[in-house]
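To start, the structure itself, in structure tokens.
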Amino acid sequence: MIKMLLHYLLVLLRVLTMVVLIQAQDQSGFISIDCGLPENANYTDDTTGIYYTSDDKFISSGESVSLSYSQRKTYERQLWYVRSFPKGERNCYRINVTSGTKYLIRADFIYGNYDGLSKSPIFDLYIGANPWEVPLSTTLISRTEIIHSPPLDFIHICLVNTDQGTPFISSIELRALENDIYDTESGSLALYRRYDLGSTSDSIYRVLGRGGFGPVYHGFLDGIEVAVKMLSQSSVRGYQQFLAEVKLLMIVHHRNLTSLVGYCNEEGNIGLIYEYMANGNLDEHLSGLEYLHNGCKPPIIHRDVKCTNILLNENLQAKVADFGLSKSFSTDGETHLSTVVAGTHGYMDPDYTMSNRLTEKSDVYGFGVVILEIITGQPAIIKMHDDYKIHISQWVSPMISNGDIENIVDSKLEGDFDTNSVWKAVEIAMACLSKSSKRPNMSKVVTELKECFTAELARKRTDRDTENQYSTELVPLNLTIDFGPSAR
1 MIKMLLHYLL
11 VLLRVLTMVV
21 LIQAQDQSGF
31 ISIDCGLPEN
41 ANYTDDTTGI
51 YYTSDDKFIS
61 SGESVSLSYS
71 QRKTYERQLW
81 YVRSFPKGER
91 NCYRINVTSG
101 TKYLIRADFI
111 YGNYDGLSKS
121 PIFDLYIGAN
131 PWEVPLSTTL
141 ISRTEIIHSP
151 PLDFIHICLV
161 NTDQGTPFIS
171 SIELRALEND
181 IYDTESGSLA
191 LYRRYDLGST
201 SDSIYRVLGR
211 GGFGPVYHGF
221 LDGIEVAVKM
231 LSQSSVRGYQ
241 QFLAEVKLLM
251 IVHHRNLTSL
261 VGYCNEEGNI
271 GLIYEYMANG
281 NLDEHLSGLE
291 YLHNGCKPPI
301 IHRDVKCTNI
311 LLNENLQAKV
321 ADFGLSKSFS
331 TDGETHLSTV
341 VAGTHGYMDP
351 DYTMSNRLTE
361 KSDVYGFGVV
371 ILEIITGQPA
381 IIKMHDDYKI
391 HISQWVSPMI
401 SNGDIENIVD
411 SKLEGDFDTN
421 SVWKAVEIAM
431 ACLSKSSKRP
441 NMSKVVTELK
451 ECFTAELARK
461 RTDRDTENQY
471 STELVPLNLT
481 IDFGPSAR
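In structure tokens:
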């Protein structure tokens, strides 16, 4: 009897083993990435039967590092390597998926003292532009999971350096879920009901501004200040711009681009929820624009660069906003797009308006207008007399010819500026407004403006030392050129 029972148990064990192996081999919808595994390497795990592949096809940055042999004995095979990112503020994996499908996404972080520093780092983890784990504290072994329904046919999983150690990752696993499992209204962005944001008719939620999309309100979400851009019922093309902005802000992220917190779509009330910029909109600076042109592959053209689309947070850090009109090239090698003219009068590139050929230089033109507005204190279109209006470049040109820098500069500065720096900035602005073929690119503009700023800071320091007293400090502009994810 006992012998027969053992025989049945043995048969049952074999059947169960075969079931497990058959289930392990059915890996449709599985993506299993061993981060840091040598290039082109792959293997099937002996225990689970899951097929793992190297991450070299999903990312082009970072360094592969192996844990020590003693550490390897402790962990599963897919955790033997890590990919670390000692360079760059933000490094992103691009993983192809099926849009609209829910995925269980798991990321493992096994420090294992791979760098010999005996100090596990802290950094931020994002899916596209949306926080996943912020901050992510990597103890000896850390795992984080999220259910995500991507709206596009790829996702970016990004590690962001917060100056608290080098970001790293051990493995990434995606598992496609049945659509009726973990059913949610949306797995891509946080969805908020209208009452979460307060009544838009309540005077407490003041209007911050208005644009072609609709009004922008100030509100609170979970005790945090936010800006809510509501789609106007009268906005004919607003919904298409709404979708364009969501798609763009989910795949690009930069400290000089506004972050998208979530959205509202209830009973015909459609809105985007952004981080709140405490100091309104600016007249200044754009590393974010340079990033769109050069840090994104293919490049993205903003198409509506103007002062009211450059916002300032509480630290006076500038961030580019309003991507409803943005366009991206279909391939990295394209030089222009043929498209219907759109933008704001006074900031639109004349070459673009006449030819319908949109290029990166079209954004440069708009930025040139912004520079002149900052220097002069004048709007893009200046009203003269009898309703006669001229462009700011026409207003400033005669004074440039006469060398009259005093009347060009905003009188509110009361002469407190370095003449050479201002002249250089004016020359940069006018170069941005020249014919498209002669315009500099944004990288060149940023480099030249940094030189102007450095000269002005040097003058301030000299004046302070000479007068031996405190003078008003310039607020440092964050003009560092940061190349974000090379969205391959």
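Its first residue numbered 1, the sequence shown is counted upward by one per residue in full-length UniProt numbering.
Where a beta carbon is used, it is the ideal one built from N, C-alpha and C, also for glycine.
DSSP places Cys432 outside any beta strand (DSSP E); the residue lies instead in the alpha helix (DSSP H), whose first and last residues are Thr419 to Cys432. Per the C-alpha coordinates, the member of Asp410, Ala431, Met399 and Ile408 positioned closest to Ser362 is Ala431.
Here His148 is buried. Its C-beta has 16 or more other C-beta atoms within 10 Å. In the DSSP assignment, Phe367 falls within the unbroken alpha helix (DSSP H) covering Glu360 to Thr376. Judged by their CB atoms, Gly62 and Asn96 are not nearer to each other than the 7 angstroms cut-off. Here DSSP, grouped into helix, strand and coil, assigns Ile405 to helix. For Tyr103, the enclosing beta strand (DSSP E) covers residues Tyr103 to Ile110.
If you look at Thr353, you'll find it isn't in any beta strand (DSSP E); it sits in the alpha helix (DSSP H) that goes Pro350 to Ser355.
Setting aside the 5 residues that flank it on each side, Glu451 has no residue in the same chain whose C-beta is closer than 6 angstroms to its C-beta.
Just so you know, the alpha carbons of Ile400 and Thr359 end up roughly 28 angstroms apart. Contact check for Ser32 and Glu145: beta-carbon distance about 14 angstroms, past the 8 angstroms limit, so the pair fails to qualify. Counting C-beta pairs with one atom in each stretch, the segment 52-60 and the segment 109-129 have fewer than three that are closer than 8 angstroms, which means they do not touch. When C-alpha distances from Gly403 are compared across Gly415, Thr419 and Leu413, the shortest belongs to Thr419. With a 10 Å radius around the Cβ and a threshold of 16 neighbouring Cβ atoms, Gln394 comes out exposed.
For Ile382, the three-state secondary structure derived from DSSP is strand. Going by DSSP, Ser70 is part of the alpha helix (DSSP H) stretching over Tyr69 to Arg72. One thing to note: Phe154 has its Cβ no nearer than 7 angstroms to the Cβ of Ser84. According to DSSP, Cys92 shares a beta bridge with Cys158.
Arg175 carries a strand assignment under DSSP once its states are collapsed to helix, strand and coil. Under the DSSP assignment, Glu145 falls in the beta strand (DSSP E) whose first and last residues are Ile141 to His148. Of all alpha-carbon atoms in Leu67, Ala176, Ser118 and Leu79, the one lying nearest the alpha-carbon of Thr101 is that of Ala176. Between the alpha carbons of Tyr365 and Glu427 lies a distance of about 13 angstroms. Membership of Glu133 in the beta strand (DSSP E) is indicated by the continuous run Asn130 to Ser137. In the DSSP assignment, Ile122 falls within the unbroken beta strand (DSSP E) covering Ile122 to Ile127. When the Cα atoms are used, Val446 and Asp115 turn out to be separated by approximately 36 angstroms. Boundaries of the beta strand (DSSP E) harbouring Glu63: Glu63 to Ser66, taken from the DSSP string. In the DSSP annotation of this structure, the continuous segment of the beta strand (DSSP E) that includes Ile33 starts and ends at Phe30 to Asp34. His391: member of the beta strand (DSSP E) spanning Lys389 to His391, first to last residue. Rounded to whole angstroms, the Cβ separation of Ile273 and Val226 is 5 angstroms, and the two are in contact under 8 angstroms. Of the candidates Lys229, Cys158, Pro151 and Tyr111, Cys158 places its Cα closest to the Cα of Pro131. Under the three-state reduction of DSSP, Arg77 is assigned to helix.
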